[in-house]
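To keep things clear, I will list the structure first and then write my remarks on it.
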Amino acid sequence: MALAYLIRRFFFRVVEFLRHWYIKSFKIYSNFVFDQLQKMDRTLAWRVNVRYLFQPLYKDYSIIGYVLGFILRIGRLLGISIIYLVVFLFVIVAYVIWLMIPIAIVLRIFYF
């Protein structure tokens with residue numbers, strides 16, 4: 000009877016660990032990443048540049064103001080998009096490494 004209880008508790012603990020490691024950590028990590036991306040957007044202003052893409056810079060309503068405003072905002076959007084892409088790739092790689100830690104530990108225990 001005690002052996003059955005210990006086996007059930009062992010498997011319960013394994014499942015609980017996996018649920019905590021993979022499911023709960025994804026929720027926590029994704030919330031953290033989205034918060035950081037929102038903070039970055041407050042600094043880099045990607046949404047603001049998209050919203051005012053066809054508006055002139057510094058209220059210069061001449062043809063040159065419209066053309067330069069469009070060109071500079073497109074350049075800024077491309078630069079900010081590259082920064083977001085690099086950050087997003089780093090975040091994905093970091094999370095995949097996090098996901099592989101238990102697997103690596105188990106493999107290390109059994110094969111090395």
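Following numbering that gives the first Met the number 0, the numbering of the sequence shown begins with 0 at its first residue and continues without gaps.
Each residue gets a CB set at the ideal place from its N, CA and C atoms; glycine is no exception.
By how many angstroms is the C-alpha of Y57 removed from the C-alpha of R101? The question names Arg, yet the displayed sequence has Pro at residue 101. P101 and Y57: Cα-Cα distance of roughly 54 Å.
Assuming Y83 is part of the alpha helix (DSSP H), what are its boundary residues? I62 to Y110
Pick from P55, F111 and Y4: whose alpha carbon is nearest that of V71? The question names Val, but residue 71 in the sequence shown is Leu. The residue with the shortest Cα to Cα distance from L71 is P55.
Between which two residues does the alpha helix (DSSP H) carrying D59 extend? Neither: D59 is in no alpha helix (DSSP H) and is coded neither H nor E.
Have a look at F111, F109, R107 and M99 and flag the residue whose alpha-carbon is nearest the alpha-carbon of L174. For the chain, the structure presents residues 0 to 111; residue 174 sits outside this window and is missing.
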